[in-house]
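**Student:** Once you know that position 154 of the sequence shown is 155 in our numbering, the rest is easy, because the numbers rise by one and skip nothing. Pasting a structure below so you can have a look.
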Amino acid sequence: TWTGKYPLGTDLVGRDMLSRLIWGAQVSMAVGLGAQIIVFLIGVPIGALAGYAAGKVDALVMRFVDVMYAFPQLLFVILIMTALGRGFQNIFIAIGVTGWVTLARLTRAEFLALRERDFVVAARAAGAGPWRLITRHMLPNALSPIIVALTFGIPQAIFTEAALSFIGIGIPDPRPSWGKMAGEYQQYITSYWYMSIFPTVLIALLMLSFTFFGDGLRDALDPRTRRSR
């Protein structure tokens with residue numbers, strides 16, 4: 002119901018909708034950022050190994066990556082959530098350990114392009130070992146597209162969390178989630194439309210914001226884009 006004390010009204014059990022929407026924003030942001038940290042920790046080392054080693058190591062690693070890429074990520078997330086159980090930490094762990102494939106392929110492509118560059122060849126000739134070459138010379142020069150890819154991955158993680166919560170296997174009660182709120186209240190949309198519409202609109206706006214941010218970040222970090230202006 003709508004009252005002066007609760008600007009956005011309350012749900013069917015009297016909980017303040019505005020407070021739940023604000024708390025749900027924290028959940029979505031935490032899931033999006035937490036999942037991308039895990040994606041970075043898994044995808045970058047695997048892609049760097051494949052791109053730096055090349056040859057048989059690259060072929061072996063990329064066959065494994067291709068197998069992972071062939072299966073739908075959402076299906077993997079559902080299977081992991083079923084095994085681990087519903088939980089705040091479990092959901093971004095599940096999204097992270099299944100969403101690293103694209104970043105691994107991007108990192109591999111960047112490292113393959115960098116491994117024969119003059120500054121890498123010079124560092125190798127000067128006696129730099131693999132660890133120093135990767136961490137001091139190659140990875141810093143590959144970070145720009147990696148950061149952009151991680152930024153674009155945040156709205157994907159947010160949407161995945163919302164979809165899981167919508168079908169009832171996401172964030173458990175009493176912690177609110179925009180996807181769970183949209184799913185729980187959809188049956189009342191004809192009478193209490195705001196209960197389902199508000200979280201749905203906020204999911205779309207948050208995803209759109211990160212998409213625009215990622216697009217702007219790509220334009221700022223990509224030298225080819227700057228030269229074309």
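No residue lacks a Cβ here, since even glycine has one placed at the ideal position from N, Cα and C.
#1: Can you give me the Cβ contacts of Gln37 inside the same chain, cut-off strictly under 7 Å, excluding the 5 residues immediately before and after it?
#2: For Gly25 versus Pro175, is the C-beta distance shorter than 8 Å?
#3: I'd like the span of the alpha helix (DSSP H) that includes Lys57, first residue to last.
#4: Please state whether the Cβ-Cβ distance between Arg87 and Ile168 is less than 8 Å.
#5: Reducing DSSP to helix, strand and coil, say where Asp17 ends up.
#6: Please look up how many angstroms separate the CB atoms of Phe93 and Val32, rounded, as I've assumed it's under 8 Å.
#7: DSSP three-state call for Thr191: helix, strand or coil?
#8: Who are the near neighbours of Ile147 in its chain, counting only those whose CB is closer than 8 Å to its CB and skipping five residues on each side?
#9: Would you mind sorting Ala95 into buried or exposed? The rule is 16 or more other CB atoms within 10 Å of its CB.
#10: Where does Arg228 fall in DSSP's three states?
**Tutor:** Put simply:
#1: Leu151, Gly154, Ile155 and Ala158
#2: no
#3: Gly56 to Ala71
#4: no
#5: strand
#6: 5 Å
#7: coil
#8: Phe41, Val45, Leu104, Leu107, Thr108 and Glu111
#9: buried
#10: For Arg228, the predicted structure reports a pLDDT of 49, less than 50, and the residue's modelled location is therefore unreliable. The matter cannot be settled from this model.
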